[in-house]
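Chains A and B, in that order, are what the protein sequence lines are.
Using the working numbering, the first residue of the first sequence is number 9, and each one after it goes up by one.
Using the working numbering, the first residue of the second sequence is number 15, and each one after it goes up by one.
Ideal Cβ placement from N, Cα and C applies to all residues, glycine included.
Right, one structure below, let's go through it.
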Amino acid sequence: MERELLFDSATWLVWLAPVLGVLAAGLTKRRDPEVVGDKVLRHDSAAIIEHWTHGIGTAVLLVTGIALGVWFLPSLVGSGEPVRTMMDVHFAAVVVFLFGTFYYGANTLLAMKRFREHLPTKDAIDFTKRHYGLLLGFKKFTFPPEKKYFESEKMAYLLALGATSVIILTGLVKVAAHVIDLPAGLLAVATPAHDIATVAMLAFFLAHVFFAAVLPMSWPVLVSMFTGYVSLEHAKHEHKGWLEELGYEDKEDESQAVADESAA
Amino acid sequence: MADIEKKEESSQSGYSRRQFLTGVGGIGVGAVLGGALLKSILLPEEVLAIPASEGYLLVDTRKCSGCTSCMLACALTHYGETNHSLARIQITQNPFGSFPNDINIDQCRQCPYPSCVDACPTGAMHADAKTGVRTVDEAKCIGCERCVNACPFTPSRVQWNPQEKHAQKCDLCVDTPFWDKEGGPDGVRACEAVCPMGAITFSSEIPMQTDGGYNVDLHEPIFDTLGFTGAGGVAGGH
Numbered sequence: 009m010e011r012e013l014l015f016d017s018a019t020w021l022v023w024l025a026p027v028l029g030v031l032a033a034g035l036t037k038r039r040d041p042e043v044v045g046d047k048v049l050r051h052d053s054a055a056i057i058e059h060w061t062h063g064i065g066t067a068v069l070l071v072t073g074i075a076l077g078v079w080f081l082p083s084l085v086g087s088g089e090p091v092r093t094m095m096d097v098h099f100a101a102v103v104v105f106l107f108g109t110f111y112y113g114a115n116t117l118l119a120m121k122r123f124r125e126h127l128p129t130k131d132a133i134d135f136t137k138r139h140y141g142l143l144l145g146f147k148k149f150t151f152p153p154e155k156k157y158f159e160s161e162k163m164a165y166l167l168a169l170g171a172t173s174v175i176i177l178t179g180l181v182k183v184a185a186h187v188i189d190l191p192a193g194l195l196a197v198a199t200p201a202h203d204i205a206t207v208a209m210l211a212f213f214l215a216h217v218f219f220a221a222v223l224p225m226s227w228p229v230l231v232s233m234f235t236g237y238v239s240l241e242h243a244k245h246e247h248k249g250w251l252e253e254l255g256y257e258d259k260e261d262e263s264q265a266v267a268d269e270s271a272a
Numbered sequence: 015m016a017d018i019e020k021k022e023e024s025s026q027s028g029y030s031r032r033q034f035l036t037g038v039g040g041i042g043v044g045a046v047l048g049g050a051l052l053k054s055i056l057l058p059e060e061v062l063a064i065p066a067s068e069g070y071l072l073v074d075t076r077k078c079s080g081c082t083s084c085m086l087a088c089a090l091t092h093y094g095e096t097n098h099s100l101a102r103i104q105i106t107q108n109p110f111g112s113f114p115n116d117i118n119i120d121q122c123r124q125c126p127y128p129s130c131v132d133a134c135p136t137g138a139m140h141a142d143a144k145t146g147v148r149t150v151d152e153a154k155c156i157g158c159e160r161c162v163n164a165c166p167f168t169p170s171r172v173q174w175n176p177q178e179k180h181a182q183k184c185d186l187c188v189d190t191p192f193w194d195k196e197g198g199p200d201g202v203r204a205c206e207a208v209c210p211m212g213a214i215t216f217s218s219e220i221p222m223q224t225d226g227g228y229n230v231d232l233h234e235p236i237f238d239t240l241g242f243t244g245a246g247g248v249a250g251g252h
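Here it is in structure tokens:
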């Protein structure tokens, strides 16, 4: 007797993960960003859990999903047992991804300001072009004081939000097909939609990893995804607008201004 | 900042947004765990009830010349190309065997208790509601190939379609997009229609569930009087 796929024998875990994420958010006490000595709290523990469960889940889902064959790309793992093993790994990643995403979603519903600070402003497109141009060295531009997230990050957030929503909706349809008899037409739409959203997510993921982990200037923020803190120096340099929102007053700036006035 | 959050969380019903979400999460966790527990305790094992197919392919391997016309016709009518790898009926030849055991016709038996249907996790492999023919809903196939392995016969009567990435099997020509004839139990079957040796035929009666039940004598009566090896009986099972 062949072993069952986890998608069949443990389907309930796929339904449990989202509600567990919502429950965990309800029981979580969040901590708002604040200046602590020479550090600034950028991500509290909940944000770190949200980020890594969603991120690691996404990474494993992308690897296993692509290995199983995406859209017009053939399966890389051939057939039979390797396919079933890859599906079981995909299943484990689905559970982690759903928990992380619903934990984030519920946390966001509890404090909509965390959602709003991710939304682009009217300058988003122009700033995004300039931001990446600056990073890649072919544009020169002095940005106005940046908030917690750059406009370019806010644009990427919209892509991730859209791709994640489509992946979850169509993915749940695909999982439901293991439990109930769904119309073939629905699956004929859900499967390619899932695959196209996967390609969008891959584009976002690669860009995110490059600009948030590979590029040296992003390393201080990468460290904060483990420790929660960025240095005050970094925040002053990159996110002055955010520090102002946190009520921080730069005494060095003030004393410099006083010195300038007296000199004048 | 904290006040704003509190304000956002409060609602007119008296419950805060946090209380509401915690409640939804708690009820959800309870419902999923409770449902899983109840399912495992209360519900009986799943019973597989599948209607019988309205038709069966019967063959006489002694009449088969191994020309593979049936395979090419099968691939052509289903996929529009003459490709042995896409055929759902398979001719296998044993160069060391002697007549009548040198050629086998490996056709799907439309089993009364189909292991392939039982093994499919998504219902892609199913019995057609109208004809009972065991067939694959390609849109539902997830490519796990459990059906291919579940078929009790060798070679498996369910194949992996390497081009379109899904399982495939004989559907008695119920769905032949590249053929203008009506297929299925009430129509014609491409392999049967094209076989120049008359080695394939069709029956709407459930054959005996033995090798001999599907490998029948399709020769004219005179053949049995000619004294060839293998005359008067049918070839070995497959």
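Asked: Chain-ordered chain A contacts of B:R148 [CB-CB under 9 Å]; Found: Going along chain A, no residue has its Cβ under 9 Å from B:R148, so there is no contact; the nearest lies around 16 Å.
Asked: Stretch pair the segment 170-184 of chain B + the segment 213-221 of chain A: three plus CB contacts closer than 8 Å; Found: no
Asked: Pair within 8 Å by beta-carbon distance, A:D16 and A:H186; Found: yes
Asked: Whole-angstrom C-beta distance between A:P26 and A:F110, which should lie under 8 Å; Found: 4 Å
Asked: Secondary structure, alpha helix (DSSP H): runs of 4+ residues fully inside the segment 119-155 of chain B; Found: 129-133
Asked: Candidates A:P191, A:M163, A:I204, A:L24: closest to A:H126 by CA position; Found: A:M163
Asked: When A:L194, A:V174, A:L76 are compared against A:M209, the one with the closest alpha-carbon; Found: A:V174
Asked: Where B:L240 falls, given that 16 or more other Cβ within 10 Å makes a residue buried; Found: exposed
Asked: Meets three-Cβ-pair contact criterion under 8 Å: the segment 154-173 of chain B and the segment 212-220 of chain B; Found: no
Asked: For A:G86 and B:A249, the rounded distance between their alpha carbons; Found: In this prediction, B:A249 scores a pLDDT of 47, lower than 50, which makes its location untrustworthy; no coordinate-derived value is stated.
Asked: Start-end ranges of the beta strand (DSSP E) lying completely within the segment 193-250 of chain A, minimum 3 residues; Found: 237-239
Asked: Residue closest to B:Q107, alpha-carbon to alpha-carbon, out of B:G48, B:L90, B:T82; Found: B:T82
Asked: Counterpart residues of B:Q223 in DSSP-defined beta bridges; Found: Paired residues: none, contrary to the question.
Asked: Nonlocal neighbours in the same chain, by C-beta distance under 7 Å from A:D52, ignoring five residues either side; Found: R38, R39, G236
Asked: Proximity test, Cβ basis, 8 Å: B:E95 and chain A; Found: no
Asked: Through-space distance from B:P191 to B:C78, alpha-carbon basis; Found: 27 Å
Asked: Residue environment, B:I119, which counts as buried when at least 16 other CB atoms sit within 10 Å; Found: buried
Asked: Candidates B:Y29, B:G198, B:V208, of which the one nearest B:Q124 by Cα; Found: B:G198
Asked: Minimum Cβ-Cβ distance from B:D231 to chain A less than 8 Å; Found: no
Asked: Cβ of B:S174 within 8 Å of any chain A Cβ; Found: Reading the sequence as shown, one finds Trp at residue 174 of chain B and not Ser. Cβ-Cβ to chain A under 8 Å: yes for B:W174.
Asked: DSSP three-state assignment for A:L127, whether helix, strand or coil; Found: coil
Asked: Burial state of B:P126, where buried means 16 or more other Cβ atoms lie within 10 Å; Found: exposed
Asked: A:I64 to A:H139 span [Cα, whole Å]; Found: 27 Å
Asked: Beta-carbon proximity of A:G29 to A:T206, cut-off 8 Å; Found: no
Asked: Nearest-angstrom Cβ-Cβ length linking B:G39 and B:V147, presumed shorter than 8 Å; Found: Actually they are not in contact, since the Cβ atoms of B:G39 and B:V147 sit about 46 Å apart, beyond 8 Å.
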